[in-house]
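The structure appears below as structure tokens.
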């Protein structure tokens, strides 16, 4: 059985404006590879309700699981929860259990609940909450969509909560052979080998650094013995 | 007049598998911000022809400019050029000018042309070539789609070639105020200020590090004087 597929939707202008570098995509990609979920697509969209809703509906229809990151805080640009409700065609309002979690957190901190903070208790109808051990404000799961925070420490904690609930497949294993020859030299035999080992994926990632050029050939699959066999063949081919 | 919009399509399994971290998206986002092109969306898709074609057609219809990265080398997993031809409904074949560029490069290197290398001279009908000063194999432009290599050094060189040909708008300026208070405290006044300065964008990016929490509030726009005015008001609000 093929591994389940997933997509990620990163919401907000922070990365699109070049202000910061992505870290959540990279973290999730590694976690999914480890647990046998096939991350097929990632989209970064701006804080634009129409773009967010369209992307949500597109991705949740074409993948087993969707993870979103960003836009669930208390400020005016945090519109993810409302967009998820719109995408699913359900209502959204402050929910008592979410409000209680926030209230307890602010009580411990000696902070006051206010209108902005209460926004973080707005949960689409039918969703279940995702625990936030870092800063209390919960994420939520609706259908196959898991809505998480953008702050990396919170995102990572939420991924740790949700990951065991996903039906993972077999972990995707990989081995890499670094070849200091032009891709054009190795492409022919590599393509033939990839065709022969049709159950594995062969990626060729060229590099060029300090005058040395070549490619990292990565062989991926779920069967370690098959990967070993392919790597043995690959090494021999590259010595010819 | 609003700045022109752009989208980016990153093709390949390398980042989706968690093997490497993105750098081309980050580079392009910074270049576009500097030159007044509004990067609205970025998609990462796997080496899957149907997914690539669908993303290309979606993005080129909804943005002024599309930049792709990856999948134009000589190996079996390099399928971008064929996918672009399919998306545009045009033919694709080895083109003489592209072949001549490659041949001259291999002659200089003392390498042989072969079937795999010749794949890199396959250019969709009607495209114009994008120079590759690093490793010769050209990118190409078809309609509003600019097809570039995934190797960062080559990608950056191709961006440098194409960027001056794009109709940029006014550079997007920004100023950041670091506020060591919870977002929930500042969200109210921040939202009111954002509504008042409707010509600017206000982003709030929370952080949590070594027990300190707060938010970086970023004010963006094309009018430096307006941003100054907003920042002055913001600073005063945050001192209250």
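Chains as they are written, first to last, in our numbering: chain A, 34 to 273; chain B, 34 to 273. The beta carbon of each residue, even a glycine, is placed where N, CA and C say it ideally should be.
(request) Check the Cβ of residue 59(B) against every Cβ in chain A and list those closer than 7 Å, keeping chain order. (result) Within the second chain, numbered from 1, the residue matching residue 59(B) stands at position 26. Within 7 Å Cβ-Cβ: 51, 54.
(request) Output the boundary residues of the alpha helix (DSSP H) element that contains residue 233(B). (result) Here residue 233(B) refers to the residue found at position 200 of the second chain. Note, residue 233(B): premise wrong, no alpha helix (DSSP H); not H, not E.
(request) Could you tell me whether the Cβ of residue 99(B) comes closer than 8 Å to any Cβ of chain A? (result) Position 66 of the second chain holds residue 99(B). No, its Cβ sits nowhere closer than 8 Å to a Cβ of chain A.
(request) Look up residue 290(B) in the DSSP assignment and give the residues it is bridged to. (result) The shown model of chain B, from 34 to 273, leaves out residue 290(B), and the question about it has no answer.
(request) Determine the DSSP secondary structure at residue 179(A), reduced to helix, strand or coil. (result) As a position in the first chain, residue 179(A) is number 146, starting the count at 1. Three-state result, residue 179(A): strand.
(message) Measuring straight from C-alpha to C-alpha, what distance separates residue 148(B) and residue 221(A)?
(response) Taking the second chain and counting its residues from 1, the one referred to as residue 148(B) is at position 115. Taking the first chain and counting its residues from 1, the one referred to as residue 221(A) is at position 188. So the two alpha carbons sit approximately 8 Å from each other.
(request) Check residue 245(B) in the structure and name its three-state DSSP category. (result) Locating residue 245(B) in the second chain gives position 212, counting from the first residue. Strand, per DSSP.
(message) With three or more beta-carbon pairs closer than 8 Å as the criterion, would you say the segment 189–196 of chain A touches the segment 58–67 of chain A?
(response) yes
(request) Look up residue 212(A) in the DSSP assignment and say whether it is helix, strand or coil. (result) Here the question's residue 212(A) lines up with position 179 in the first chain. DSSP places residue 212(A) in strand when its eight states are reduced to three.
(request) Give the residues of chain B in contact with residue 75(A), contact being defined as C-beta atoms less than 9 Å apart. (result) Looking up residue 75(A) in the first chain gives position 42. Here the neighbours are 43, 48, 49, 75, 76, 77, 78.
(request) Measure the CB-CB distance between residue 270(B) and residue 226(B) and report whether it falls below 8 Å. (result) Walking along the second chain from the start, residue 270(B) turns up at place 237. Walking along the second chain from the start, residue 226(B) turns up at place 193. Yes.
(request) With residue 266(A) as the anchor, note down where its beta strand (DSSP E) starts and where it stops. (result) Position 233 of the first chain, counted from the start, is the residue given in the question as residue 266(A). Careful: residue 266(A) lies outside any beta strand (DSSP E), inside the alpha helix (DSSP H) at 257–272.
(request) Determine the direct distance from the alpha carbon of residue 152(A) to that of residue 88(A), and round the result to whole angstroms. (result) To locate residue 88(A), count along the first chain from 1; it is residue 55. To locate residue 152(A), count along the first chain from 1; it is residue 119. Approximately 23 Å, taken between the alpha carbons.
(request) With distances taken Cα to Cα, identify the nearest neighbour of residue 259(A) among 229(A), 238(A), 50(A), 239(A). (result) Taking the first chain and counting its residues from 1, the one referred to as residue 259(A) is at position 226. Closest by alpha carbon: 229(A).
(request) Closer than 9 Å by beta-carbon distance: list the chain A residues that pair up with residue 220(B), in chain order. (result) Taking the first residue of the second chain as position 1, residue 220(B) is located at position 187. Neighbours of residue 220(B) on chain A, chain order: 106, 107, 108, 109, 111, 147, 148, 149, 150, 152.
(message) Does chain A have any CB closer than 8 Å to the CB of residue 120(B)?
(response) As a position in the second chain, residue 120(B) is number 87, starting the count at 1. It does not; no Cβ of chain A falls within 8 Å.
(message) Once DSSP output is grouped into helix, strand and coil, what is the label at residue 74(A)?
(response) Counting from 1 along the first chain, the entry for residue 74(A) is found at position 41. Residue state, collapsed to three classes: strand.
(request) Verify the CB distance criterion: does residue 188(A) have a CB-CB separation below 8 Å to chain B? (result) Mapped onto the first chain, residue 188(A) falls at position 155. Cβ-Cβ to chain B under 8 Å: no for residue 188(A).
(message) What does the alpha-carbon distance come out to for the pair residue 157(B) and residue 224(B)?
(response) The count along the second chain starts at 1 and reaches residue 157(B) at position 124. The count along the second chain starts at 1 and reaches residue 224(B) at position 191. In a straight line, the C-alpha of residue 157(B) is about 48 Å away from that of residue 224(B).
(message) Classify residue 203(B): buried if its beta carbon has 16 or more other beta carbons within 10 angstroms, exposed otherwise.
(response) Indexing the second chain from 1 puts residue 203(B) at position 170. Exposed is the call here.
(message) Using a Cβ-Cβ cutoff of 9 Å, what residues of the segment 251–268 of chain B are near chain A? List them in chain order.
(response) 251, 253
(request) State the Cα-Cα distance for the pair residue 135(A) and residue 215(A), rounded to the nearest angstrom. (result) Against the first chain, residue 135(A) aligns to sequence position 102. Against the first chain, residue 215(A) aligns to sequence position 182. Roughly 57 Å between the two C-alpha positions.
(message) Run through the DSSP bridge pairs and tell me what residue 157(B) is partnered with.
(response) One-based indexing of the second chain puts residue 157(B) at position 124. Answer is 125(B), bridged to residue 157(B).
(request) Measuring only between beta-carbons, confirm whether residue 167(A) sits less than 8 Å from chain B. (result) Translated into positions along the first chain, residue 167(A) becomes position 134. Chain B, which has a Cβ nearer than 8 Å to the Cβ of residue 167(A), makes this yes.
(message) For a contact defined as C-beta to C-beta under 7 Å, what are the partners of residue 89(B) on chain E?
(response) Among the protein chains of the structure shown, namely A and B, there is no chain E.
(request) Using only alpha-carbon positions, find the residue among 125(A), 51(A), 124(A), 36(A) that is nearest to residue 253(B). (result) The residue you call residue 253(B) lines up with position 220 of the second chain. Answer by Cα proximity: 51(A).
(message) Whole angstroms are fine: how far does the CA of residue 263(B) sit from the CA of residue 245(B)?
(response) Indexing the second chain from 1 puts residue 245(B) at position 212. Indexing the second chain from 1 puts residue 263(B) at position 230. Going from the Cα of residue 245(B) to the Cα of residue 263(B) covers about 25 Å.
(request) Could you say if the segment 70–90 of chain A and the segment 130–146 of chain A meet the contact criterion of at least three C-beta pairs nearer than 8 Å? (result) no
(request) Could you please give me the residues that DSSP links to residue 237(B) through a beta bridge? (result) Here residue 237(B) corresponds to residue number 204 of the second chain, with the count starting at 1. DSSP output for residue 237(B) lists 250(B) as bridge partner(s).
(request) Decide if residue 236(A) is buried, meaning its Cβ has at least 16 other Cβ atoms within 10 Å, or exposed. (result) The count along the first chain starts at 1 and reaches residue 236(A) at position 203. Flag for residue 236(A) reads buried.
(message) Beta-carbon within less than 8 Å of residue 35(A)'s beta-carbon, same chain only, minus the 5 sequence neighbours each way: which residues are those?
(response) Indexing the first chain from 1 puts residue 35(A) at position 2. These residues qualify, in order along the chain: 71, 202.
(request) Alpha carbon to alpha carbon, how far is residue 193(A) from residue 206(A)? Give it in angstroms, no decimals. (result) Here residue 206(A) corresponds to residue number 173 of the first chain, with the count starting at 1. Here residue 193(A) corresponds to residue number 160 of the first chain, with the count starting at 1. Cα to Cα, the separation comes out at about 20 Å.
(request) Could you tell me how far apart the beta carbons of residue 75(A) and residue 84(A) are, in whole angstroms, since I believe they sit closer than 8 Å? (result) In the first chain, the residue the question calls residue 75(A) occupies position 42. In the first chain, the residue the question calls residue 84(A) occupies position 51. With a Cβ gap of about 15 Å, residue 75(A) and residue 84(A) do not count as contacting.
(message) I'd like the span of the alpha helix (DSSP H) that includes residue 59(B), first residue to last.
(response) Start at 1 with the first residue of the second chain, and residue 59(B) comes out as number 26. Its alpha helix (DSSP H) spans residues 57–68.
(request) Could you please give the first and the last residue of the uninterrupted alpha helix (DSSP H) stretch that includes residue 195(A)? (result) Here residue 195(A) is taken as the residue at index 162 of the first chain, counted from 1. Element bounds for residue 195(A): 185–195.
(request) Could you confirm whether any beta carbon from chain A is found closer than 8 Å to the beta carbon of residue 144(B)? (result) By one-based count along the second chain, residue 144(B) stands at place 111. It does; some Cβ of chain A falls within 8 Å.
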